[in-house]
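Notes follow once the structure below has been shown.
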C-alpha cells in the first residue's frame, strides 16, 4: 500500500514539474529549478524524520506539521535567510495547491499547508502586480451594460492607465480631466503636489461617457467628484477595495494565477510601474509618473520583475540558458530524487 502511494506521489510530482509549472503556469526554467531544489531538500528531510526512504514518502507526508519543521530546519540547521525560507514555502504552497486537484482525498491536510504564513523580516517584500492576461480578465468580468459596471470599468481602466494612488483617483474632480487631445488628468498627490498624467484616448472616452450619463445636474459641475457611488456621493477607498476584490475573485475562475495573489488597490499602482519598466521607460520618468518623493522609492520596481531580468539574460547568453519551450521530457522511473536531479 505504501509503495502504491509513493508511486502516485512520484507521478504527480512528474506532472507538476513537466506539465503544470512550464505549460499551465508558464514559469521560467530558473523558477522550476528552484522549485526542484526545494523538493529535493524536503524529500530528504521527510525521509530522515520518518526514518524511511525517500521512495516511502507519500502524499500524507505533505502536511503542515512536517513542512513547518522543514522550514525551521532550513533556518536553524542550514542557516538560510528568511527570504530563502519564504521562497521554499512558496514552492511548497504551489505544490500543495496542485496536489489538491490530483489527490482530493488529502484536501484537508493540503489546505492546512496553505495556511502556513510567510515569515516577516525578509529584507525586500515582494511587489504584487498583475500580468497583462490577468488585467484583461479582471476588466472582462465587469458588466458594462449596467451604470455601475460602466463606472467600475472607467475607474479601473484609469487606475491601470495612471498608476495613481487610490485616494488620488477618488479625489479627482471633473475640472481635473482633459478629455480632448492631448488627453490627461491632473492628480493631487501627497504634500499637495500636483502632477499631470497622460491617459489613453479610450480611457478619456470612458470618462466622458461616465460624466455625460451618470452625474446629476449641479450648479458647479466642474467641481463634482468623478467617481460616485449608487447614492450619488463620492466613492470611498473601502468601496474600491470591495469592488476590486469582487472582480478579481470572478476573474480567478479563468485565470488561476489570480487565486494565488493578494490583490488590493495599491497593486494596480505596482502593475503600472512594472509594465512601464518592461516597456523600457527609465526609472526617473516612472518616478515622476507615480509622484514618488525620490528615486529610491521607485527603485524597488527595478528589483521586482525577476522574469524580465531572466529574459534579458537569456538574450545575452542564449546558449547558456535553456528555455522551457524546449524542455526535454524526462520519463518518471519511480525514483523521485534521481528523477528530480535529471530535470
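Numbering (UniProt numbering), first residue to last: 1 to 343.
A virtual CB, placed ideally from N, CA and C, is assigned to each residue, including glycine.
Just so we're clear, the structure is a prediction, and the values are computed from it rather than from any experiment.
- [ ] State the Cα-Cα distance for the pair residue 256 and residue 239, rounded to the nearest angstrom.
- [x] 25 Å
Task: Segment contact, 8 Å Cβ cut-off, at least three pairs: the segment 184-198 with the segment 160-171 - done: yes
Open item on the list: Report the start-end ranges of each alpha helix (DSSP H) in the segment 5-55 that is 4 residues or longer and not cut off at the edges.
Closed with: 29-50
Task: As assigned by DSSP and simplified to three states, the class of residue 175 - done: helix
Open item on the list: Using 8 Å as the threshold, is the C-beta distance between residue 261 and residue 128 below it?
Closed with: yes
Open item on the list: Within 10 Å of its beta-carbon, does residue 85 have 16 or more other beta-carbons around it, so buried, or fewer, so exposed?
Closed with: buried
Task: Uninterrupted beta strand (DSSP E) stretches inside the segment 78-166 (no shorter than 3 residues) - done: none
Task: residue 12 beta carbon less than 8 Å from that of residue 102 - done: yes
Task: Spatially closest choice to residue 111 from 120, 93, 119, by CA coordinates - done: 93
TODO: Please determine if the segment 181-197 and the segment 136-143 are in contact, where contact requires at least 3 C-beta pairs separated by less than 8 Å.
DONE: no
- [ ] For the segment 112-120 and the segment 220-234, state whether three or more C-beta atom pairs, one from each stretch, are separated by less than 8 Å.
- [x] no
Open item on the list: So, with DSSP's three-state summary, where would you put residue 194?
Closed with: strand
Task: Exposure label - residue 175; buried when at least 16 CB within 10 Å - done: exposed
Open item on the list: I'd like to check one pair, residue 64 with residue 57: are the Cβ atoms closer than 8 Å?
Closed with: no
TODO: Can you give me the Cβ contacts of residue 276 inside the same chain, cut-off strictly under 7 Å, excluding the 5 residues immediately before and after it?
DONE: 286, 289
Task: Strand pairing of residue 208, partner residues [DSSP] - done: Beta-bridge pairing links residue 208 to no other residue.
Task: 8 Å Cβ shell around residue 354 - same chain, five flanking residues per side excluded - done: There is no way to answer for residue 354, as the model of the chain reaches only from 1 to 343.
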